[in-house]
Amino acid sequence: MDFLNFTNALEDLVEKVNLSLLAGVLAGLIAIVAAVAQWKDKKEEEKEAESNRLKVEAAQKEIKILQLKSLKKTDELEKVYIDLNNANKKIIDLQGELKNEITGGESRPVLRIYSSGLVTHEVSRKKYFILNFDLYNPNKYALQNIRVVFHDLWGREMMQLGVVHFRDGLSVGLRPPTVDELNNRISVHHFDNIGSLAKNNTYPLYTTTFCPELANMDTPGYAVEVKWYNGSFVYFVNLKIENDKLINFGTEMSFNGQKVDHEKYIEFH
1 MDFLNFTNAL EDLVEKVNLS LLAGVLAGLI AIVAAVAQWK DKKEEEKEAE
51 SNRLKVEAAQ KEIKILQLKS LKKTDELEKV YIDLNNANKK IIDLQGELKN
101 EITGGESRPV LRIYSSGLVT HEVSRKKYFI LNFDLYNPNK YALQNIRVVF
151 HDLWGREMMQ LGVVHFRDGL SVGLRPPTVD ELNNRISVHH FDNIGSLAKN
201 NTYPLYTTTF CPELANMDTP GYAVEVKWYN GSFVYFVNLK IENDKLINFG
251 TEMSFNGQKV DHEKYIEFH
């Protein structure tokens, strides 16, 4: 190979080497640019991710605050509900109390019977007992609209003999019967429109006499009809004598038409 050809070959080699270096440099630059771009993208993603994380945390914090406020409101509403419920219960209780005060509620009267010892009539020499019938209210509430009709089957015989005992307030005694009383041969001797009877109070209902010798012992001596706002009693009072004392014997009663035990609603003294 001559010198000229060698020179040309060398120039071609240098040119190829330069091109290779240039290509390598360009490839490196491209790689660096790509790496920088990728790093920037990653940083942007990290920045965006951090921003999103902060937003999520802020939202979660706000949600927590709202939840706490909601719980507080719920507690407040629950307290208001409890207060309203208690107030409603008090209103219902007060309404019930007011109704009981007006109507008497479940209050029921007690018939009290007081008997004297044997008394001898000065004229006829008949022996008899003086009986006082009282109406007593042992209940929490007043009895209202009380009306009483007293059927006396045993007292009229002594009335025909001129024996009539009475109670008028604190005054008690013996008086002659009126013309109407003497002419009255039916059993209804007494009617009372009492109205109301306060708790733990007693009303002097009726005074009569009982002569065992003249009375028809086969029938109840006294029938007492007591009506009030929430009910009615009918007492059928029967008595007998033991050792010169008057005692309860075979007394019966009904409440609103149904037979009931009289022990709670009749007292003998």
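If you count by the UniProt record's numbering, then the sequence shown holds residues 1 to 269, one letter each, in order. Where is the CB? At the ideal position from N, CA and C, for every residue including glycine.
Just the C-alpha distance for residue i and residue j, rounded to the nearest angstrom, thanks.
| i | j | result |
| --- | --- | --- |
| ASN216 | ILE102 | 42 Å |
| MET253 | ASP180 | 30 Å |
| LEU161 | LEU182 | 9 Å |
| LYS55 | GLU62 | 10 Å |
| GLY257 | TRP228 | 14 Å |
| LYS79 | GLY96 | 25 Å |
| ASN86 | SER116 | 55 Å |
| LEU246 | LEU174 | 20 Å |
| VAL123 | TRP154 | 19 Å |
| PRO177 | ILE194 | 24 Å |
| ALA59 | LEU66 | 10 Å |
| ALA34 | ASP41 | 10 Å |
| GLY76 | LYS90 | This sequence places Glu at residue 76; Gly is not what is there. C-alpha separation (whole angstroms): 21 Å. |
| ILE32 | GLU44 | 18 Å |
| ILE92 | ILE82 | 15 Å |
| GLU57 | LYS72 | 22 Å |
Should residue i and residue j be called a contact, given that it needs their Cβ atoms to be closer than 7 Å?
| i | j | result |
| --- | --- | --- |
| PHE129 | PHE210 | yes |
| GLY104 | TYR136 | no |
| LEU207 | PHE166 | This sequence places Thr at residue 207; Leu is not what is there. Yes, the Cβ-Cβ distance between THR207 and PHE166 is below 7 Å. |
| LEU118 | LYS127 | yes |
| ASN238 | PHE249 | yes |
| VAL260 | PRO109 | no |
| TYR114 | HIS262 | no |
| ASN243 | LYS199 | no |
Return the residue from the list the options that minimises the CA-CA distance to residue i.
| i | options | result |
| --- | --- | --- |
| ARG147 | HIS190, ASN183, SER124, VAL172 | HIS190 |
| ASN201 | GLY231, LEU111, LEU118 | LEU111 |
| THR219 | TYR265, GLU263, ASP152, LYS259 | ASP152 |
| TYR203 | VAL119, ILE30, PHE133, LEU84 | PHE133 |
| ASN145 | ASN100, LEU197, GLU45 | LEU197 |
| THR251 | PHE236, SER124, LYS90, ILE241 | PHE236 |
| THR120 | PRO138, MET158, LYS89, LEU98 | MET158 |
| ASN230 | GLY28, LYS99, GLU48 | LYS99 |
| GLU213 | GLU48, ASN88, ILE241 | ILE241 |
Report buried or exposed for residue i, applying the criterion of at least 16 other Cβ atoms within 10 angstroms of its Cβ.
| i | result |
| --- | --- |
| SER107 | buried |
| ARG156 | buried |
| LEU84 | exposed |
| TYR222 | buried |
| LEU131 | buried |
| ILE266 | buried |
| LEU94 | exposed |
| VAL36 | exposed |
| VAL164 | buried |
Between residue i and the ligand PLP, is the CB less than 6 Å from at least one heavy atom?
| i | result |
| --- | --- |
| GLY96 | Questions concerning the ligand PLP fall outside what the structure shown contains, since it holds no ligand whatsoever. |
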